[in-house]
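Q:
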Amino acid sequence: MKVENALKDQYRKLAKHEGYRSRSSYKLLELNKKYDIIKNDDTIIDIGCAPGGWLQVSKKYSGPNGKVLGLDINPVEPLIGIKIIQADIEDVNIVQTIKNSIRIPIDVVLSDLAPKISGIWHFDHERQVSLTLVALNISTQILKRGGNAVFKIFEGDNSNIVKQEASKVFLKVTTSKPKASRQKSSEFYLICSGFSADVQ
Ligand SMILES: C[S@@+](CC[C@H](N)C(=O)[O-])C[C@H]1O[C@@H](n2cnc3c(N)ncnc32)[C@H](O)[C@@H]1O
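With our numbering as the guide, the letters of the sequence shown map in order to residues 4 to 203.
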């Protein structure tokens, strides 16, 4: 087995063993250890949350008093202590839908959004970046001053646009590629801290 596949297999086995719904959980576990994105008692929204691995990690780090809301276009099996909405983030009323489910402003926005992969790289890249820009726009309407965010990005010609836009509203923006993310995959994560505006 190639090293890459062995690693993928290792995280899948670990997720099964530790009760996480996705191997992606290990990406957020790693990112949170390094950047301290989610803190105890935080209110968090996870955009593009199915099947729910990041929701489990969010609950773990925010603790019993933390509030976690998941949002996905696809259904998600219920998780104890976590609210889930099935909705399209491109719906024009999405911010209102979020506000109806959670009190804003919130502490953390997570986005691991990925479109259905067509296999045509430039198309998938453009679509993923476009979805991520929607997630960033939603963030600017619900985050509290000083809040944090994580956005997955498919690397390509347009990935810098997200970084530039995020830099306008966060004090610090860095990129990170967790070990749990396959080296061959072109995804990376934007770690944003210190949201710099006040929302109502
Ligand atoms: C890589 S998965 C997320 C995995 C998740 N972080 C976990 O650990 O379980 C990406 C998700 O983005 C969702 N998604 C894609 N387009 C969406 C849209 N327009 N609105 C809401 N969710 C969307 C997909 O349905 C998919 O579940």
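Yeah, the Cβ is synthetic: ideal placement off N, Cα and C, and Gly gets one too.
1) From I47, A18, N35, A169, pick the residue whose C-alpha is nearest to that of S104; which is it?
2) Could you pull the start and end residues of the beta strand (DSSP E) that V172 belongs to?
3) Of all the alpha helix (DSSP H) runs that stay within the bounds of the segment 107-181, which reach a length of 4 or more residues?
4) Does DSSP classify K187 as helix, strand or coil?
5) May I ask whether a heavy atom of ligand 1 can be found less than 6 angstroms away from the beta carbon of D127?
6) Identify the residues that DSSP records as bridge partners of S196: which are they?
7) Determine the extent of the alpha helix (DSSP H) in which G69 is found, giving its start and end residues.
8) Given that a residue counts as buried once 16 or more other Cβ atoms are within 10 Å of its Cβ, and exposed if not, what is S28?
9) Please state whether the Cβ-Cβ distance between I50 and A138 is less than 7 angstroms.
10) Got a sec, what are the start and stop residues for the alpha helix (DSSP H) K42 sits in?
11) Roughly how many whole angstroms lie between the Cα atoms of E93 and S25?
A: So, from the data block:
1) Out of I47, A18, N35, A169, the CA that lies nearest to the CA of S104 is found in I47.
2) Premise fails: V172 lies in the alpha helix (DSSP H), 162-172, not in any beta strand (DSSP E).
3) The segment 107-181 contains these whole alpha helix (DSSP H) runs: 124-145, 162-172.
4) Residue state for K187 is assigned as coil, using DSSP reduced to three classes.
5) No, since every heavy atom of ligand 1 falls outside the 6 angstroms radius drawn around the Cβ of D127.
6) S196 is bridged to K175.
7) Annotation for G69: no alpha helix (DSSP H) segment contains it, and DSSP assigns it neither H nor E.
8) Buried, by the Cβ-count rule.
9) Yes, the Cβ-Cβ distance between I50 and A138 is below 7 angstroms.
10) It is not in any alpha helix (DSSP H) - K42 carries neither H nor E in the DSSP assignment.
11) So the alpha carbons of these two residues sit roughly 24 angstroms apart.
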